[in-house]
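Structure, as structure tokens:
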Amino acid sequence: MKKIDGLEAIENCPLCDLPGAFFSFMDCRDHLVSGEVFSLCRCTNCGLVFTNPRPREENAERYYQSEKYISHTDSQKGTMEKVYHLVRKHMLKKKLGMLKHTPSQNKTLLDVGCGTGAFLEAAQNEGFLVKGFEPGEKPRETARRKGLDVMGDKKELKSLKEGSFQVVTLWHVLEHMPDFLNKMKHFSRLLKTGGLLVVAVPMYKSFDAGFYKNFWAGWDLPRHLFHFDHDTIKLSAQKSGFKVVKTQGLPFDSFYVSLLSEDYKKNPMGKLRAVVVGGWSNVLAFLGKKPWSSEVFILKKTNGLSRR
Ligand SMILES: [Zn+2]
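Numbering (my numbering), first residue to last: 582 to 889.
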């Protein structure tokens, strides 16, 4: 990879590995933290959209340095924070509902990028033996204060015993991982036979994404390094030892993302418009015309991946 001032350029497609076969897709500003402009590329072969160039891993931390990065806090001061936490509470129930087919004995779950541990706590209450991973020190400490078992060192994540979990969850986390495909392969090894990898990602082909274009909060550059659609998730699953068994929309995300996007646009009538855009996005998704603003993909481990 070529190195430029804290950024690195990607030369091969991170999903299909084809060299240099991508075109410039869109430029977007980091509205949340740095105000810097980043570019998106799309692979002509597999269709993966990715942030390119992107912050080098050792330089990425500073793009997370914001009190506004609310998935990392339990603070509920502003209106957006209140909305976020209200929605989160409702969504926890829905997310747990997606795991109801997990065998009822010795249920084990690993939540990667667990933030302050809200989902871990909810899963624990449902009888799961839970473990979390969170690289951010502040949210990790908050989670640990709740008595949760949360790792912070990548080496610990790497050295977990193979076949030790029934479920691994990545709630809006995969798009942040610089080597997402290798991580998925690793999670496949950590899962028992038939185990589930649950992946929630923003969908850039949704109506709200198209409406807000480069103001769409779901891009969240440069924190989001990859931007998926149904085909690229399916291909990622195949390449890492999984198959997609279920897809489900997250209807609240369209409102939340639209509200944030309007915030970035500083539109005085924004909140009202966000409700309309978010609502219409859900109608189109419900009718199957567009993807939902964010979707959850339930991937089941196949036996097709050997040890590397
Ligand atoms: Zn590709």
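All C-beta atoms, glycine included, are put in the ideal place defined by N, C-alpha and C.
- Item | Candidates Phe833, Leu816, Gly728: closest to tyrosine 665 by CA position | As a working note, residue 665 is residue 84 in the sequence shown. For the residues Phe833, Leu816, Gly728, the minimum Cα distance to tyrosine 665 belongs to Phe833.
- Would you list the residues sitting across from phenylalanine 604 in a DSSP beta bridge? Reading the sequence shown from its first residue, position 23 is the one you call residue 604. Note: phenylalanine 604 sits in a beta bridge opposite Arg623.
- Query: For the 8 Å Cβ check, are there 3 or more pairs between the segment 796–813 and the segment 615–634?
  - Reply: yes
- Item | 8 Å Cβ cutoff met for phenylalanine 788 and tryptophan 861 | The sequence position of residue 788 within the sequence shown is 207, counting from 1. The sequence position of residue 861 within the sequence shown is 280, counting from 1. Yes; because the gap between Cβ atoms is below 8 Å, this pair is in contact.
- Message: Going by DSSP in three states, leucine 599 sits in which element: helix, strand or coil?
- Response: The residue labelled residue 599 in the question sits at position 18 within the sequence shown. Correct three-state label for leucine 599: coil.
- Exposure of asparagine 884, with buried meaning 16 or more beta-carbon neighbours within 10 Å: For the purposes of this step, residue 884 is identified with residue 303 of the sequence shown, where counting begins at 1. So asparagine 884 counts as exposed.
- Residues near phenylalanine 604 in its chain [Cβ-Cβ closer than 8 Å; skip 5 each side]: Taking the first residue of the sequence shown as 1, we reach residue 604 at position 23. Closer than 8 Å at Cβ, skipping near neighbours: Cys622, Arg623, Thr625.
- Task: Look at the alpha carbon of leucine 738 and the alpha carbon of phenylalanine 714, and state the distance between them as a whole number of angstroms.
- Result: To locate residue 738, count along the sequence shown from 1; it is residue 157. To locate residue 714, count along the sequence shown from 1; it is residue 133. Rounded to whole angstroms, leucine 738 to phenylalanine 714 spans 7 Å at the Cα level.
- Task: Enumerate in chain order the residues of its own chain whose CB-to-CB distance from lysine 882 is below 8 Å, with the five nearest sequence positions on each side excluded.
- Result: On the sequence shown, residue 882 is found 301 positions in, with the first residue counted as 1. Taken in chain order, the residues that qualify are Ser769, Leu772, Lys773, Thr774, Gly775, Gly776, Leu777, Leu778, Gly822, Phe823.
- Task: Along the beta strand (DSSP E) that carries glutamine 829, what are the first and last residues, could you check?
- Result: The sequence position of residue 829 within the sequence shown is 248, counting from 1. Start and end: 823–830.
- Query: What residue from Arg804, Val782, Phe619, Val857 has the CA that sits closest to methionine 607's CA?
  - Reply: As a working note, residue 607 is residue 26 in the sequence shown. Among Arg804, Val782, Phe619, Val857, the Cα nearest to that of methionine 607 is on Phe619.
- Message: Just to confirm the assignment: which complete alpha helix (DSSP H) runs, minimum length 4, are found wholly within the segment 784–851?
- Response: 788–793, 811–820, 832–846
- When every heavy atom of ligand 1 is checked, does at least one fall within less than 7 Å of the C-beta of leucine 621? Indexing the sequence shown from 1 puts residue 621 at position 40. It does not: the Cβ of leucine 621 is nowhere closer than 7 Å to a heavy atom of ligand 1.
- Which residues mark the beginning and the end of the beta strand (DSSP E) in which valine 693 is found? Translated into the one-based positions of the sequence shown, residue 693 becomes position 112. Note, valine 693: beta strand (DSSP E), 689–693.
- Query: For histidine 682, which option in Arg637, Gly851, Pro720, Gln747 has the closest C-alpha, if you only look at C-alpha atoms?
  - Reply: Sequence index remark: in the sequence shown, residue 682 carries index 101 (1-based). Ranking the options by Cα distance to histidine 682, first place goes to Gln747.
- Query: So, helix, strand or coil for arginine 889, using DSSP?
  - Reply: Numbered from 1 along the sequence shown, position 308 holds the residue referred to as residue 889. Low per-residue confidence applies at arginine 889: pLDDT is 41, beneath 50, and the placement is therefore not dependable enough to give any value.
- Mark phenylalanine 700 as exposed unless 16 or more other C-beta atoms lie within 10 angstroms of its C-beta, in which case mark it buried. The residue given as residue 700 occupies position 119 in the sequence shown. Buried, by the Cβ-count rule.
- Query: Would you report the Cα separation of threonine 660 and valine 668, rounded to the nearest angstrom?
  - Reply: The residue labelled residue 660 in the question sits at position 79 within the sequence shown. The residue labelled residue 668 in the question sits at position 87 within the sequence shown. The alpha-carbon atoms of threonine 660 and valine 668 are separated by roughly 12 Å.
- Would you list the one or two residues that DSSP bridges to cysteine 594? For this step, residue 594 is matched to residue 13 along the sequence shown. Looking at the DSSP assignment, cysteine 594 forms no beta bridge with any residue, so it has no partner.
- Task: Could you tell me if the beta carbon of asparagine 633 falls within a distance shorter than 7 Å of some heavy atom in ligand 1?
- Result: To locate residue 633, count along the sequence shown from 1; it is residue 52. No - ligand 1 has no heavy atom lying nearer than 7 Å to the Cβ of asparagine 633.
- Query: Which class does glutamate 589 belong to by DSSP, given the choice of helix, strand or coil?
  - Reply: Working through the sequence shown from its first residue, we reach residue 589 at position 8. It is a strand residue.
- Query: Helix, strand or coil: which one does DSSP assign to arginine 610?
  - Reply: Position 29 of the sequence shown, counted from the start, is the residue given in the question as residue 610. Reduced to three states, the DSSP call for arginine 610 is strand.
- Item | Closest residue to serine 745 among Trp752, Gly799, Val711 (Cα-Cα distance) | The count along the sequence shown starts at 1 and reaches residue 745 at position 164. If we check each option's Cα against that of serine 745, Val711 comes out closest.
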